[in-house]
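Visitor: Protein chains in written order, with my numbering: chain R, 31 to 313; chain H, 41 to 319. The C-beta atom is built at its ideal place from N, Cα and C for all residues, glycine as well.
Written as structure tokens, this is what we have:
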């Protein structure tokens with residue numbers, strides 16, 4: 031099994047197969063039954079506690095499963111200084127569970143010390159590009175490893191933009207030397223919301239920069255007859271996204287892939303069935 | 041063109057502001073956001089909804105009994121009212137409960153219908169904090185404690201487990217909380233005039249436990265947790281209950297793992313004598 035680029039080969043590298051997002055309602059079942067799962071991805075902030083059961087559960091699961099840590103709250107794109115307390119908590123967790131992959135989002139979520147705790151869109155223009163790229167460089171230096179950065183879903187675009195989203199993403203990756211976590215569902219959602227061809231997006235991403243793929247479900251919000259796709263992680267992966275995933279694999283080759291499901295979380299077996307479906311497409 | 045910081049400040053204000061301010065704050069972004077099939081206000085509302093839902097979800101997980109007591113709808117209203125005044129200050133939303141408790145204290149401490157609610161939420165938050173408190177760096181050396189000579193007992197001082205939380209309320213908060221923690225409907229009603237309650241919450245081997253304690257024991261524990269000597273803690277407890285004896289509370293607190301270390305404080309030095317001062 032070949033470790034994906036950017037992963038830590040020293041221990042439990044994440045295989046180029048489909049894993050699932052680790053969610054608290056499934057902790058007990060996974061701990062007891064240790065079902066065959068290719069790998070697990072945990073939301074970093076859910077295990078930031080300096081003690082107690084939560085980080086210990088992750089430590090125990092780490093014994094049997096390759097692990098990735100996926101941050102949702104660092105706010106890499108914020109104009110605030112990098113939150114060093116947050117980085118320190120993440121570093122402590124990294125030291126404790128030695129994940130094969132550490133990832134964050136290409137977004138912002140806090141300003142003036144007030145946190146919105148959401149993945150908010152960046153304006154795709156050169157100033158914002160330089161800013162977030164320099165922050166990723168600082169972040170990578172502080173935690174001492176290369177990170178993966180994920181494209182996010184969005185429901186608006188700014189009027190000052192000079193770059194297509196994919197141009198911005200790829201340029202940030204080149205400038206900061208981070209790898210990419212390509213969320214195929216987010217690409218599809220944005221393609222529908224902002225009117226571009228998702229294949230243009232996928233085809234612009236250099237294969238050597240892709241370290242992981244995310245797959246998830248979304249919902250369609252209808253106002254009058256207008257439709258907006260919302261990235262809810264509350265439904266199965268849709269057919270169009272499966273088709274894009276197949277295209278992505280043809281472009282990128284085998285890549286560790288993750289099934290994300292957060293709201294209306296189903297039984298563990300349902301997630302594992304989605305992962306099997308992804309593996310079947312990967313062949 | 042505005043700076044990234046200015047854009048983000050206005051954006052955040054539109055998402056976090058009170059409902060009454062939304063239109064004015066949205067207008068500030070009218071030229072920064074493309075509209076198309078959806079208006080700027082409609083687009084911002086998607087994010088505003090997400091930001092409120094994420095905050096509410098975190099509070100629902102941390103305050104199940106409080107939510108149950110007041111109902112899901114009222115709880116959500118309080119979360120929406122609290123968020124603009126006490127926004128999250130961390131990327132880790134698990135800390136948002138402290139602001140929510142502060143909002144409930146501000147809004148309901150003087151409300152005769154719900155004045156007990158802030159204290160119940162505070163207890164529930166303390167329980168939550170006990171679960172995520174740091175693991176202790178040391179463990180109480182029982183053998184060494186047993187070897188302390190009785191004449192030194194009064195100068196014993198303990199180091200509290202980081203998970204230890206103590207609460208005192210003028211309401212029966214523990215009884216209310218306990219009755220509303222489970223999935224089944226609580227039996228009967230709780231008389232709010234039955235008197236206040238003191239609660240001690242600790243964690244031993246990853247298991248949290250909460251129990252009632254007397255006011256005297258609460259004062260005793262509070263003094264010890266603050267680093268005070270056992271003799272001083274007993275004196276403080278005796279002010280509340282002249283019959284207080286520390287034997288059983290001490291055994292219990294040790295068994296519950298409330299302490300992770302101890303020391304015998306050195307006695308205060310006698311005042312310098314006139315002759316010593318003269319030398």
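Terminal residues of the continuous beta strand (DSSP E) containing residue 159 of chain H?
Guide: Premise fails: residue 159 of chain H lies in the alpha helix (DSSP H), 157–172, not in any beta strand (DSSP E).
Visitor: Compare the C-alpha of residue 172 of chain H against each of R:53, R:77 and R:180 and name the closest.
Guide: Among R:53, R:77 and R:180, the Cα nearest to that of residue 172 of chain H belongs to R:77.
Visitor: List, in chain order, every chain H residue whose beta-carbon is nearer than 9 Å to that of residue 82 of chain R.
Guide: Within chain H, the residues near residue 82 of chain R are 170, 171, 172, 173, 174, 175, 203, 243, 246 and 248.
Visitor: What three-state label does DSSP hand residue 319 of chain H in the structure shown?
Guide: Because residue 319 of chain H sits at a pLDDT of 39, beneath the cut-off of 50, its placement in the model cannot be relied upon, and the point is left open.
Visitor: Give me the Cα-Cα distance between residue 97 of chain H and residue 141 of chain H, rounded to the nearest whole angstrom.
Guide: Rounded to whole angstroms, residue 97 of chain H to residue 141 of chain H spans 15 Å at the Cα level.
Visitor: I need the straight-line Cα distance from residue 279 of chain H to residue 251 of chain H, nearest angstrom please.
Guide: Residue 279 of chain H and residue 251 of chain H: Cα-Cα distance of roughly 22 Å.
Visitor: For residue 260 of chain R, go through chain H and note every residue whose CB falls closer than 8 Å to its CB, in chain order.
Guide: Neighbours of residue 260 of chain R on chain H, chain order: 86.
Visitor: Have a look at residue 79 of chain R and residue 135 of chain H and give me their C-alpha separation to the nearest angstrom.
Guide: Going from the Cα of residue 79 of chain R to the Cα of residue 135 of chain H covers about 10 Å.
Visitor: Let me check understanding here. Comparing Cα to Cα, which of R:94, R:84, R:216 and R:148 lies closest to residue 107 of chain R?
Guide: Of the candidates R:94, R:84, R:216 and R:148, the one whose C-alpha sits nearest the C-alpha of residue 107 of chain R is R:148.
Visitor: Using a Cβ cut-off of 8 Å, pull out every chain H residue sitting near residue 247 of chain R, in sequence order please.
Guide: Here the premise fails: no neighbours, minimum Cβ distance about 16 Å.
Visitor: Return helix, strand or coil for residue 337 of chain H, following the three-state DSSP convention.
Guide: In the structure as shown, chain H begins at 41 and stops at 319. Residue 337 of chain H is therefore absent and cannot be evaluated.
Visitor: Taking DSSP as the reference, what is the three-state secondary structure of residue 49 of chain R?
Guide: Strand at residue 49 of chain R.
Visitor: Mind checking which residues open and close the beta strand (DSSP E) that includes residue 147 of chain R?
Guide: First-last of the beta strand (DSSP E) with residue 147 of chain R: 144–150.
Visitor: Drop a sphere of 10 angstroms on the beta-carbon of residue 243 of chain R, count the other beta-carbons inside from all chains shown, and report buried for 16 or more, exposed for fewer.
Guide: Counting Cβ neighbours within 10 Å, residue 243 of chain R comes out buried, since at least 16 surround it.
Visitor: Does the stretch 232–243 of chain H come close enough to the stretch 206–218 of chain H to have 3 or more Cβ pairs within less than 8 Å?
Guide: Judged by Cβ distances under 8 Å, the stretch 232–243 of chain H makes contact with the stretch 206–218 of chain H, as three or more pairs qualify.
Visitor: What ranges does the beta strand (DSSP E) occupy inside the stretch 73–140 of chain R, keeping only unbroken runs of at least 3 residues that lie completely in it?
Guide: Segments of the beta strand (DSSP E) lying fully in the stretch 73–140 of chain R: 97–100 and 131–135.
Visitor: Here's a check: name, in chain order, each residue in its chain whose Cβ is nearer than 6 Å to the Cβ of residue 269 of chain H, leaving out the five neighbours to either side.
Guide: Only 195, 197 and 305 meet the Cβ criterion.
Visitor: Hey, residue 29 of chain H and residue 167 of chain H are a contact pair by Cβ (cut 8 Å); roughly how many whole angstroms apart?
Guide: Since the first residue shown for chain H is 41 and the last is 319, residue 29 of chain H is missing from the structure and cannot be characterised.
Visitor: Helix or strand or just coil, what does DSSP make of residue 186 of chain H?
Guide: Note: residue 186 of chain H maps to helix in three-state DSSP.
Visitor: How big is the Cα-Cα spacing for residue 154 of chain H and residue 58 of chain H?
Guide: For residue 154 of chain H and residue 58 of chain H, the distance between alpha carbons rounds to 23 Å.
Visitor: Less than 8 Å between the CB atoms is what I'm expecting for residue 44 of chain R and residue 89 of chain R, so what's the real figure, rounded?
Guide: Not quite, the Cβ-Cβ distance comes to about 17 Å (not below 8 Å), so this is no contact.
Visitor: Check the Cβ of residue 161 of chain R against every Cβ in chain H and list those closer than 8 Å, keeping chain order.
Guide: 44, listed in chain order.
Visitor: If you scan the stretch 150–181 of chain R from start to end, which runs of the beta strand (DSSP E) of 3 or more residues do you find wholly inside it?
Guide: Counting whole runs of 3 or more residues, the stretch 150–181 of chain R contains the beta strand (DSSP E) stretches 178–180.
Visitor: Starting from the beta carbon of residue 146 of chain R, find every residue of chain H whose beta carbon is closer than 7 Å, and list them in chain order.
Guide: Those within 7 Å of residue 146 of chain R in chain H are 52, 55, 56 and 91.
Visitor: If the cut is a Cβ gap below 8 Å, which residues of chain R does residue 74 of chain H touch?
Guide: Going along chain R in sequence order, the residues near residue 74 of chain H (Cβ under 8 Å) are 186, 187, 188 and 189.
Visitor: Taking residue 95 of chain R as the reference, which of R:210, R:217 and R:68 has the closest Cα?
Guide: Residue R:68 is the option with its Cα nearest to residue 95 of chain R.
Visitor: So residue 140 of chain H contacts chain R; which residues on that side make the cut at Cβ distance below 7 Å?
Guide: What residue 140 of chain H touches in chain R: nothing, since even the nearest Cβ is about 14 Å away.
Visitor: Once DSSP output is grouped into helix, strand and coil, what is the label at residue 205 of chain H?
Guide: Correct three-state label for residue 205 of chain H: strand.
Visitor: In angstroms with no decimal places, state the Cα-to-Cα distance between residue 285 of chain H and residue 271 of chain H.
Guide: Going by the C-alpha atoms only, they are around 11 Å apart.
Visitor: With a threshold of 6 Å on Cβ separation, who are the neighbours of residue 158 of chain H within its own chain once the five nearest residues in sequence on each side are excluded?
Guide: For residue 158 of chain H, where only same-chain residues beyond five positions count, the Cβ hits under 6 Å are 144, 145, 148 and 149.
Visitor: Pop quiz: residue 256 of chain R and residue 78 of chain H are said to be a contact at Cβ under 8 Å. What is the actual Cβ separation, rounded to whole angstroms?
Guide: Contact flag correct, Cβ pair sits at about 6 Å.
Visitor: Where does the unbroken beta strand (DSSP E) through residue 178 of chain H begin, and where does it stop?
Guide: Element bounds for residue 178 of chain H: n/a, residue is neither H nor E.
Visitor: If the cut-off is 7 Å on Cβ atoms, which residues from the stretch 101–114 of chain R count as contacting chain H, listed in chain order?
Guide: Against chain H - using a Cβ distance shorter than 7 Å - the residues of the stretch 101–114 of chain R are 103, 104, 105, 108, 109 and 113.
Visitor: Under 8 Å between the Cβ atoms of residue 234 of chain R and residue 197 of chain R?
Guide: Contact flag set, yes.
Visitor: Would you kindly work out how many angstroms separate the C-alpha atoms of residue 90 of chain H and residue 210 of chain R, rounded to a whole number?
Guide: Going from the Cα of residue 90 of chain H to the Cα of residue 210 of chain R covers about 25 Å.
Visitor: Against residue 180 of chain H, what residues of chain R qualify as contacts under a CB-to-CB distance less than 7 Å, listed in chain order?
Guide: Ordered by position in chain R, no residue passes the 7 Å Cβ test against residue 180 of chain H, which lies about 16 Å from the chain.
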